[in-house]
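Here the structure is laid out as structure tokens; the discussion comes afterwards.
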Amino acid sequence: PIPPRPAPTMSQWAAAGSFRVKLSKLSSSAESIQTLSHWVQYYRKFSEESAAVWAREALCAEPDRRLLFFYVANDVMQNSRKKGPEFVQAYSKQLLQVMPQAYREADRTTQQKLLRL
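Residue 909 is where the sequence shown starts when you use the working numbering, and the numbers rise one by one after that.
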């Protein structure tokens, strides 16, 4: 018998690098946000890993681009919850870590948009 494969880790998520590139190219259009959200949802097995990559990239992003990252996370959580709780749980944990810094470093207009999310 073949032994079971170990659970995937972030380093084993082959799409992690692609996700970072896609986040760096993200635009403010609804189409761009939704396209990336759907792409992330395709990798359901890697919800924890995608959330961790999202959080790291969000904290490294320029403060004026962070709102776009929150729009992606929001879209992922809203549109994936019908199929299971994986993304909501994974991204919620990361949001608790990222939101305070993002809010603190944002201008007043962006702060108000973050509060609406």
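We put the beta carbon where it would ideally sit given N, CA and C, even for glycine.
### Query
From F977 to W962, what distance separates their C-alpha atoms?
7 Å
### Task
Could you spell out where the alpha helix (DSSP H) holding R974 opens and where it closes?
974–988
### Message
Output needed for A981: all residues of its chain with C-beta closer than 7 Å, excluding positions within five of it in sequence on either side, in chain order.
### Response
W962, Y999, L1003
### Query
Just checking my contact of S940 with L931 at CB under 8 Å: how many whole Å lie between their CB atoms?
Not quite, the Cβ-Cβ distance comes to about 11 Å (not below 8 Å), so this is no contact.
### Task
Measure how close the beta-carbons of E965 and W921 come, nearest whole angstrom, since I'm counting them as under 8 Å.
Between W921 and E965 the Cβ distance is about 14 Å, and since that is not below 8 Å, they are no contact.
### Query
How about N987 and Q949: are their beta carbons less than 8 Å apart?
yes
### Backbone CA spacing between S944 and S926 [nearest angstrom]
Here the sequence assigns Leu to residue 944, which means Ser is not the residue at that position. Whole-angstrom Cα-Cα distance: 11 Å.
### Query
Considering G1111, what are the terminal residues of the alpha helix (DSSP H) in which it resides?
Only positions 909 to 1025 of the chain appear in the structure, and residue 1111 is not among them; the question remains open.
### Task
Note down the Cα distance separating T1018 from K1001, rounded to an integer number of angstroms.
21 Å
### Query
Pick from R1024, A959, E1013, P1008: whose alpha carbon is nearest that of E994?
A959
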